[in-house]
Structures are given as C-alpha cells and as structure tokens.
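The sequence shown begins at 1306 in our numbering and counts up by one. Glycine residues also receive a C-beta, built at the ideal position from the N, C-alpha and C atoms. Only a predicted model underlies this, so the values are computations on that prediction, with no experimental measurement involved. Shown next, in structure tokens, is the structure this report addresses.
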Amino acid sequence: MNMHLRMTKVFMAAFLRGTPSVNALEPFAVNMRVWPMDLDFNLHKNNGRYLSCMDIGRMDMAFRAGLHRPMFKYKWMPLLGSSTIRYFKSLRPFQKFDLVTRIAGWDEKWVFIEQKFISKGHVYAVGTVKVLFRGADGNVPTKTLLHYAGINDESPVLPQWIADWHSADQALGKYIPKQ
C-alpha cells in the first residue's frame, strides 16, 4: 500500500473515531505489511520507507491522543527536528510487522519519540525522532501541546542513549558547513 493511502487511512480513522482513544504516554502499535513498492534492490524494506512509516505512526499517535483538533483549529504543523534509526534485521516482502510508538520524554521545545519495528517478537529496527509543532505564532510550547494530549505529568527521564543523541544533534545543529 502506498504511503499516501496509509496516511489517508490514519486520517479517516481519526475522524471516524471522534474521541481520543489512547493515553499518549502508553506505547501503541500500528499493524503494517511490507508491500512491493516498499522494497529496494536487495528485496527488503527500503531504509527511506522506514522513516515514512514512522511519520504515519506519529500521526496516528497524535490523532489517537486528540491532537488533530487543535492541529486543524490552530493550523499547527508537526515538524521533525532530527531523526536516527538503527536497523537490526531486514523486513522482507509481504512480511507483517507492528510499528510500536511511544513518547520517551520531552523538554521545553522537543518531544522525543521512540519507534520500534517488531515482527514475531523480534525487533527489526529502532528509530527516535524529536518533534515540535509550529503555529502562526511560532513553535507551540511543549506544555501546551501536552495539555491538549491530556498529559499533565513531568517528563519521564530520557534513556541515556537518547540524551546522548540529543546532545550530539545539538552540536551538529551549531555546525554550518562551508560551501
């Protein structure tokens, strides 16, 4: 199934569902399958398709948490600040897998989301992203975003590897290559 059809399915389900259906701090899974258009020349899931699936998992999580309402009302746009992914095994043609998405933590600007590709109890890849939402007045404060998602807790402590990745990413963000 092409990515646009997968995303359309997420949008339709969100509007048909009506009310939020998950606690945004709990992990949840989206069931998917590797389709022929997801393959690369090695006949396994293309690395770029993992990232596209991760987009779908995050949008599904946002919609399930009820964030689609303020997104449309205030014209908030989700923006990806950075991503990293580690591949362990290859997903093969027509293989079913679950994309498990969870919020790992947040700071004043970023929400850190971990996403795992799991099939038959085995982890095939783990990706992490940092995201924010931007509206007409600039970045939406994380506290505001979390309020709409029904989260009034303090951030969980980030796993050390995510904190290390974020520090390295911030250093890279200060580096401007010369042409």
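One thing to note: S1424 has its Cβ within 8 Å of the Cβ of F1402. A straight line joining the alpha-carbon of I1481 with that of N1351 spans about 29 Å. Nearest C-alpha to F1377 among A1468, Q1475 and Y1453: Y1453. Per the Cβ contact rule, the stretch 1442-1461 is not in contact with the stretch 1469-1479 (fewer than 3 Cβ pairs under 8 Å).
Between the alpha carbons of F1346 and R1397 lies a distance of about 12 Å.
G1432 is positioned such that its CB atom lies closer than 8 Å to that of I1390. By the 16-neighbour rule on beta-carbons within 10 angstroms, V1445 is buried.
W1470 carries a helical assignment under DSSP once its states are collapsed to helix, strand and coil.
DSSP links L1385 through a beta bridge to V1436. Setting aside the 5 residues that flank it on each side, T1447 is surrounded in the same chain by W1411, D1412, E1413, K1414, W1415, V1416 and L1437, each with a C-beta closer than 8 Å to its C-beta; the list follows chain order. For G1353, there are no CB contacts under 8 Å within the same chain when 5 residues up- and downstream are skipped. Every alpha helix (DSSP H) stretch that sits fully inside the stretch 1325-1403 and reaches 4 residues is listed by chain position as 1352-1369 and 1373-1379. Cα atoms of T1406 and Q1420: separation of roughly 4 Å, rounded to the nearest angstrom. Check the Cα spacing between C1358 and each of P1375, A1334 and G1426: the tightest is with A1334. In the three-state scheme derived from DSSP, where H, G and I count as helix and E and B as strand, K1479 is classed as helix.
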